[in-house]
Amino acid sequence: MPGHFSDPFLLVPFATLLGLFVGSFLNVVIYRLPRMIEREWLEEMAALRGDAAPGGEPLNLARPRSRCPHCGHVISALENIPLVSYAVLRGRCRHCQVAIGCRYPLVEALTAALSGYAAWRFGFSPAMAGALIFLWAMVALAFIDIDTQLLPDSLTLPLLWLGLVFNLRTTYIPLNDAVIGAMAGYLSLWSVYWIFKLVTGKEGMGRGDFKLLAAIGAWLGWQMLPFTILLASIAGAAIGIGLIVTNRLKRSTPIPFGPYLAIAGLIAFFQGAAINGFLPIIVLPS
């Protein structure tokens, strides 16, 4: 079987199809994980007050079954085929005809495309397996942060440790670079956070951003952190200014930084060698 999968004409379509179904699952993660965290917080607060835990049906990534958020219609297997069902239903709930957000097919298509590219880029190898895990996590974290301005520890911390595990045998970078990258990634944004808070008295970013950049550093090494921070900052500033100018965002509205870190991290992950070659001043050579 590994011999067959080494053929890119089989591997890339397989990885793309796998990414399509993983993207469908990521839609569940993006929607439910913040709500699971919120419920856990409410239960902990109730326990501290000595109150009964809030009621409600069980909520996890498997239960209850997916349903229309407008009418509660339970989505059948045929209505849940990635991309195909959305196209057949013309982007509407079969029961109430309310429009289904384009977010769902976007996440599925994006995850599929990135998964296929990872298979083409790395071939059938541990590096491909790690790339899939990394990009799937980045997609989930980016969209969760857009929706809720949260970067859950249940995603960022395992991602950090997995980066170190994959680099135990120098899958992408030497382990020393990975460890330093994790430390430097966390401390760089931690320092910016405290300097900004001491000067302005306000919090400039969430602590989840520290952990996300630490995870990126664990996978890519400290050498890629300057580029990652620079690209994420430029993208965040440009999009933020554009939204303010077009009156789609108020100046006082906080802008999540996680999506830009995720985008920059993915670019650095797949194009790190080229970036090191073209930007020797901004990104220190490995």
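Residue numbers (numbering that gives the first Met the number 0): 0 to 285. Glycine is no exception: its CB is placed at the ideal position from the N, C-alpha and C atoms. As the structure is a prediction and not an experimental result, all values here were calculated from the model.
Rounded to the nearest angstrom, the Cβ distance from LEU186 to MET204 is 14 Å, too far for a contact under 8 Å. Shortest Cα-Cα distance from ALA231 to any of ILE243, LYS249, TYR85 and PRO258 involves PRO258. In this structure, ALA86 lies away from THR15, with their beta-carbon atoms at least 8 Å apart. For ALA98, the beta-bridge partners assigned by DSSP are ARG91. If you look at GLU37, you'll find it in the alpha helix (DSSP H) that goes 7-48. Nearest neighbour of ALA267 by Cα position, chosen from TRP221, PRO253, LYS249 and GLY239, turns out to be TRP221. Just so you know, the alpha carbons of CYS92 and PHE256 end up roughly 33 Å apart. Nearest to ALA236 by C-alpha distance, out of LEU260, ALA214 and ALA213, is LEU260. For ARG66, the beta-bridge partners assigned by DSSP are VAL73. The beta-carbon distance between ILE29 and ASP146, rounded to whole angstroms, is 7 Å. This is short enough to meet the 8 Å contact definition. Here GLY220 carries a coil assignment [DSSP, helix/strand/coil]. Under the rule that a run must span 4 or more residues, the alpha helix (DSSP H) segments found entirely inside the region 111-149 read 125-147.
Membership of PHE165 in the alpha helix (DSSP H) is indicated by the continuous run 152-165. Under the DSSP assignment, LEU186 falls in the alpha helix (DSSP H) whose first and last residues are 174-199. Cβ-Cβ distances below 6 Å link LEU242 to LEU248 in the same chain, with the five nearest sequence neighbours on each side left out; the list follows chain order. A residue is called buried when at least 16 other Cβ atoms come within 10 angstroms of its Cβ; LEU32 meets this threshold and is buried. In the three-state DSSP reduction, THR227 falls in the helix class (H, G or I).
Of the other Cβ atoms in all chains shown, fewer than 16 fall within 10 Å of the Cβ of TRP160; this residue is therefore exposed. When secondary structure is reduced to three states using DSSP, ARG168 falls in the helix class.
In the three-state DSSP reduction, PRO258 falls in the helix class (H, G or I).
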